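Take a look at the structure below.
There are 2 protein chains.
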Amino acid sequence: MAPSPATQAITLPDPLPLDSGEALEHVQIAYETYGELAADKSNAILLCHALTGDQFVAREHPVTGKPGWWARMVGPGKPIDTDRYHVICANVIGSCMGSTGPASDAADGKPYAMRFPVITIRDMVRGLVGLLDQLEIAQLHAVVGGSMGGMQALSLAANFPERAARVLAIASTARHSAQNIAFHEVGRQAIMADPNWAEGDYYATGAAPDAGLAVARMAAHITYLSEAGLTDKFGRRLQDRPDGTKGAKSFGFDADFQVESYLRYQGSGFTRRFDANSYLYITRAMDYFDLAEEHAKDGKEGRLADAFADSKARFCLVSFDSDWLYPTAESRHVVHALNAAGAPVSFVELSAPFGHDSFLLDVPELDRVVKGFIE
Amino acid sequence: MAPSPATQAITLPDPLPLDSGEALEHVQIAYETYGELAADKSNAILLCHALTGDQFVAREHPVTGKPGWWARMVGPGKPIDTDRYHVICANVIGSCMGSTGPASDAADGKPYAMRFPVITIRDMVRGLVGLLDQLEIAQLHAVVGGSMGGMQALSLAANFPERAARVLAIASTARHSAQNIAFHEVGRQAIMADPNWAEGDYYATGAAPDAGLAVARMAAHITYLSEAGLTDKFGRRLQDRPDGTKGAKSFGFDADFQVESYLRYQGSGFTRRFDANSYLYITRAMDYFDLAEEHAKDGKEGRLADAFADSKARFCLVSFDSDWLYPTAESRHVVHALNAAGAPVSFVELSAPFGHDSFLLDVPELDRVVKGFIE
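Protein chains in written order, with the UniProt record's numbering: chain B, 1 to 375; chain S, 1 to 375.
Written as structure tokens, this is what we have:
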């Protein structure tokens, strides 16, 4: 899980204040850039990654060797055109691809593990703004993100309203629902139930809680897909047996159904590129996310519109009709708040069969919306 | 997990043939009855329980001390009126409340564990019909079940068409979808990832795979509730802290949100009354369930209508609008097949906020439907 040598990294000069009241010292932010920064620094677009994403937007992933997670969206002549824009994507704090997280060494030279402070989405954004400060980028042309990346985009708009002229949040939400929290809690419990987790102190043992992390990933992965999408892709189709028998039930506990095999593959593949403690910290940050509550004043319940009171940005919200993790109602809730705050906002619900993962997949209409909004 | 002494049990005289081609010898079926059997044995109603249910329909559970799972529905003067009907509910084979399952002793005097054969819903029904044979009940007044109980009711109608005059399947399906299989596979992997599982041979170790089973239960439990129901019940409400602080974030990994605490409670409570290997076997049986495929002939794809070709029963299907585990479309699919088979069928989608669990909860309209149908 060491960052690729190609990744750039900066260390923030000042301790990063956190919502918990703690501060994180010597914060490193690892990032990738694409396209040239204009002399007046007016063409920078910050992409914010999702829970298990990273800075490798459009470059081969150093661990998996796979194309970047948004290679279809970012590049020369692509919807986010790197011939025109300078695209920045940084690994969030708490993660494990080069930015400071639980696997990083604390001041005593040992990994933080569970000594890492609990962070919030706003803390991640503070880290990103710290990077922008170092890069001397006063205002972004746009901040763009899907899923947890959308949360960061909205949080940046709310907390650093001068820093982005355009805010694009895709398949996202302004708060985690009870069901969202519940699924994350299952994942955390799966990790913590793995004896290899060892209260988080597994870095020196040579045995990470991969089994627990894989189960967490499997449960989460189901929420990223739609029921119809799973049926289209797998239905009840059976695997061919190792002995060559075509699609027959084993009357055992092997992966008989293709969907079982697929999930197991997703789970085990994930453990090769992700740190279990990072999964705990980042899911916790997402569960804590409630942009309205964050902007509550005078002991009153927070109004989401108040979060955007100081914003001058233009907003675009995109949802997918098959996304049951952050359904359209969540995006619409944000749109209504932006309307109430008097902010210019466009909103579109796209039809796509892939569930929440639609923001990462081949949805040509999304390409047009992204391209149109950032221009 | 020993059966209550109050539970009756019979041993089937003949080996039980299974869909796998194996046969199970000395099969014990544990069951409870309520109400008097008429002299002509015409008033028997068989209730079929769900995945983690048991025979304790309307009697205190011997392990948990809680009321039976359908105490609200079954009893004197209740919708299934035990002043009129003789209600039978048996623990399915593969389970762990007295019927033969993986925790039972095999011929060598040691628990079957993973030597227990993989069973199907039809095999469970064969066991139930074996019980009816012993009780010399030729035809049931009705067979009734919710969720996996509904699968058994439909399977009994399809495979033993003479044995029930009325068939009531609530919140159920005629086949497990890819998403259903996926959620079950997460649960199985959680159990198998627990080192205490020990390839299933944990009965003598004194350490069952409770952590894995709890995670399995937590993931499944989310699927039993609706998103709106979870929001109504818990929303983002925080727990009061152990130190007395009212509803504040801990910035740690305790159960901050009430929904987290609830899920943990559901998970740990479940392990006290259920056997992890039974969870593996019963989820497998459900995943294998596809009533159309079971009745495929001459190598052609099965038509669900063919499964009901010999039926003379009256059917009733009930779904709930908030059930996303077995949504209304699944019940409607069965209704269409019954129509095609020329079977008399009534169908109703009830509105209830509780998701899949609605069939167990306070839905007065369900009471009326059940009472009306069985009369």
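Glycine residues also receive a C-beta, built at the ideal position from the N, C-alpha and C atoms.
Computed from a predicted structure; not experimentally measured.
Exercise. Are the CB atoms of L51(S) and I282(S) nearer to each other than 8 Å?
Worked result: Residue mapping note: residue 51(S) aligns to position 51 of the second sequence, counting from 1. Residue mapping note: residue 282(S) aligns to position 282 of the second sequence, counting from 1. Between L51(S) and I282(S), the C-beta spacing is below 8 Å.
For this session: Going by CA-CA distance only, name the one from P76(S), T64(S) and G65(S) that's closest to E36(S).
Result: Residue mapping note: residue 36(S) aligns to position 36 of the second sequence, counting from 1. Considering only alpha carbons, the answer is P76(S).
Problem set entry | Cβ-based contacts, 8 Å cut-off: residues of the stretch 189-220 of chain B near chain S | Q189, A190, M192, A193, D194, P195, A211, G212, A214, V215, M218 and A219
Exercise. Can you pull the DSSP bridge partners for V348(S)?
Worked result: Taking the second sequence and counting its residues from 1, one reaches residue 348(S) at position 348. DSSP output for V348(S) lists V318(S) as bridge partner(s).
Exercise. For A178(S) and chain B, any beta-carbon pair shorter than 8 Å?
Worked result: Within the second sequence, the letter at position 178 stands for residue 178(S). So, interface residue.
Exercise. At what residues does the beta strand (DSSP E) containing Q28(S) begin and finish?
Worked result: Your numbering for residue 28(S) matches position 28 in the second sequence. Segment Q28 to Y34, the beta strand (DSSP E) holding Q28(S).
For this session: List the residues of chain S whose Cβ lies closer than 8 Å to the Cβ of Y279(B), in chain order.
Result: Mapped onto the first sequence, residue 279(B) falls at position 279. Per Cβ cutoff of 8 Å: no residues; Y279(B) is ~12 Å from chain S at best.
Problem set entry | Inter-residue Cα distance where the pair is M192(S) and A198(S) | Taking the second sequence and counting its residues from 1, one reaches residue 192(S) at position 192. Taking the second sequence and counting its residues from 1, one reaches residue 198(S) at position 198. Computed Cα separation, rounded: 8 Å.
For this session: Determine the chain S residues that contact residue 454(B) at a beta-carbon separation under 8 Å, and present them in chain order.
Result: Nothing can be reported for residue 454(B): it is not among the residues displayed for chain B, which extend from 1 to 375.
Problem set entry | Boundaries of the beta strand (DSSP E) in which residue 449(B) is found, first to last residue | Not covered by the structure: residue 449(B). The range shown for chain B is 1 to 375.
Exercise. Can you name the residues of chain S whose CB is closer than 7 Å to the CB of L230(B)?
Worked result: Taking the first residue of the first sequence as position 1, residue 230(B) is located at position 230. Simply A178, Q179 and A182.
Exercise. With 8 Å set as the bound, which would you pick, yes or no: does the beta-carbon of L135(S) sit closer than that to a beta-carbon of chain B?
Worked result: Residue mapping note: residue 135(S) aligns to position 135 of the second sequence, counting from 1. L135(S) does not count as touching chain B.
For this session: Can you give me the Cβ contacts of R188(B) inside the same chain, cut-off strictly under 8 Å, excluding the 5 residues immediately before and after it?
Result: Within the first sequence, numbered from 1, the residue matching residue 188(B) stands at position 188. Hits under 8 Å: A216, Y279, L280, T283 and R284.
For this session: Measure from the alpha carbon of G342(B) to the alpha carbon of each residue in S319(B), A309(B) and D362(B), then state which is nearest.
Result: In the first sequence, the residue the question calls residue 342(B) occupies position 342. Taking only the C-alpha atoms, the option nearest G342(B) is A309(B).
For this session: Check whether the stretch 56-67 of chain S touches the stretch 12-23 of chain S, taking contact to mean three or more Cβ pairs, one atom from each stretch, closer than 8 Å.
Result: Because the criterion of three Cβ pairs below 8 Å is not met, the stretch 56-67 of chain S and the stretch 12-23 of chain S do not touch.
Exercise. Where do the ends of the alpha helix (DSSP H) carrying G127(B) lie?
Worked result: Stepping through the first sequence from its first residue, residue 127(B) is reached at position 127. It spans I121 to Q134 - the alpha helix (DSSP H) in which G127(B) sits, taken as one unbroken run.
Exercise. What span of residues does the alpha helix (DSSP H) with H221(B) cover, start to end?
Worked result: For the purposes of this step, residue 221(B) is taken as the residue at position 221 of the first sequence. Taken as a continuous stretch (DSSP letters only), the alpha helix (DSSP H) holding H221(B) covers D210 to Y224.
Exercise. A2(B) to G101(B), Cα distance in whole Å?
Worked result: The count along the first sequence starts at 1 and reaches residue 2(B) at position 2. The count along the first sequence starts at 1 and reaches residue 101(B) at position 101. Since pLDDT at A2(B) reaches only 41, below the 50 mark, its modelled position is unreliable, and the value read off the structure follows with that caveat. So the alpha carbons of these two residues sit roughly 12 Å apart.
For this session: List the endpoints of the continuous alpha helix (DSSP H) containing Y168(B).
Result: Within the first sequence, the letter at position 168 stands for residue 168(B). Per the sequence presented here, residue 168(B) reads as Leu, with Tyr not at that position. Careful: L168(B) lies outside any alpha helix (DSSP H), inside the beta strand (DSSP E) at R166 to I170.
For this session: Just tell me which of T7(B), P327(B), F315(B) and H26(B) has its CA closest to the CA of G106(B).
Result: Here residue 106(B) refers to the residue found at position 106 when the first sequence is read from its first residue. Contrary to the premise, residue 106(B) reads as Ala rather than Gly in this sequence. The shortest C-alpha separation from A106(B) is found at H26(B).
For this session: Can you give me the Cβ contacts of D362(S) inside the same chain, cut-off strictly under 8 Å, excluding the 5 residues immediately before and after it?
Result: Here residue 362(S) corresponds to residue number 362 of the second sequence, with the count starting at 1. Here the set comprises R72.
For this session: Could you give the DSSP three-state label for D367(S): helix, strand or coil?
Result: Position 367 of the second sequence holds residue 367(S). Helix at D367(S).
Exercise. So, is the C-beta of G252(S) closer than 8 Å to a C-beta in chain B?
Worked result: Within the second sequence, residue 252(S) is the residue found at index 252, counting from 1. Taking 8 Å as the CB threshold, G252(S) lines the interface with chain B.
Exercise. Of all the options N159(S), A190(S), E260(S) and H141(S), which has the alpha carbon lying nearest to the alpha carbon of M124(S)?
Worked result: Counted from its first residue, the second sequence places residue 124(S) at position 124. Residue nearest to M124(S) within the set N159(S), A190(S), E260(S) and H141(S) is N159(S) (criterion: CA-CA distance).
Exercise. Does DSSP put A2(S) in a helix, in a strand, or in coil?
Worked result: Within the second sequence, residue 2(S) is the residue found at index 2, counting from 1. Caution is warranted here: a pLDDT of 41 is assigned to A2(S), below 50, making its placement in the model unreliable, and the coordinate value is therefore given only provisionally. Three-state DSSP puts A2(S) in coil, outside helix and strand.
Exercise. How far does the beta strand (DSSP E) with A90(B) in it reach, from first residue to last?
Worked result: Indexing the first sequence from 1 puts residue 90(B) at position 90. Segment H86 to A90, the beta strand (DSSP E) holding A90(B).
Problem set entry | Length of the line joining the Cα atoms of A23(S) and T120(S) | On the second sequence, position 23 is the one that residue 23(S) refers to. On the second sequence, position 120 is the one that residue 120(S) refers to. Spanning the two alpha carbons is a distance of roughly 12 Å.
For this session: Determine contact between the stretch 290-301 of chain S and the stretch 320-327 of chain S, defined as no fewer than three beta-carbon pairs at a distance below 8 Å.
Result: no
For this session: Decide yes or no for the touch test of the stretch 127-138 of chain B against the stretch 85-97 of chain B: beta carbon pairs closer than 8 Å, at least 3 of them.
Result: yes
For this session: Have a look at P5(S) and L213(S) and give me their C-alpha separation to the nearest angstrom.
Result: For the purposes of this step, residue 5(S) is taken as the residue at position 5 of the second sequence. For the purposes of this step, residue 213(S) is taken as the residue at position 213 of the second sequence. Note that P5(S) scores 42 on pLDDT, short of 50, meaning its location in the model is unreliable; the coordinates nonetheless yield the value given after this. Distance between the alpha carbons of P5(S) and L213(S) is about 26 Å.
Exercise. So what's P17(B) in DSSP terms, helix, strand or just coil?
Worked result: The count along the first sequence starts at 1 and reaches residue 17(B) at position 17. Three-state DSSP puts P17(B) in a strand.
Problem set entry | Cβ distance (whole Å) where M148(S) is taken to contact M286(S) below 8 Å | Counting from one through the second sequence, the residue named residue 148(S) turns up at place 148. Counting from one through the second sequence, the residue named residue 286(S) turns up at place 286. Going by Cβ atoms, the distance from M148(S) to M286(S) rounds to 6 Å, so yes, they are a contact pair.
For this session: Hey, could you find the ends of the alpha helix (DSSP H) A341(S) is sitting in?
Result: Position 341 of the second sequence holds residue 341(S). No alpha helix (DSSP H) contains A341(S), which DSSP labels as neither H nor E.
Problem set entry | Distance, I222(B) Cα to E260(B) Cα | Counting from 1 along the first sequence, the entry for residue 260(B) is found at position 260. Counting from 1 along the first sequence, the entry for residue 222(B) is found at position 222. Near 11 Å, if we compare the C-alpha coordinates of I222(B) and E260(B).
Exercise. According to the neighbour-count rule (16 or more other Cβ atoms, all chains shown, within 10 Å of its Cβ), is T245(S) buried or exposed?
Worked result: Counting from one through the second sequence, the residue named residue 245(S) turns up at place 245. The residue is exposed, with fewer than 16 neighbouring Cβ atoms inside 10 Å.
For this session: Note down, in chain order, each residue of its chain lying with its Cβ closer than 8 Å to the Cβ of T205(S), except the 5 sequence neighbours on either side.
Result: Your numbering for residue 205(S) matches position 205 in the second sequence. Correct list, in chain order: N196 and A198.
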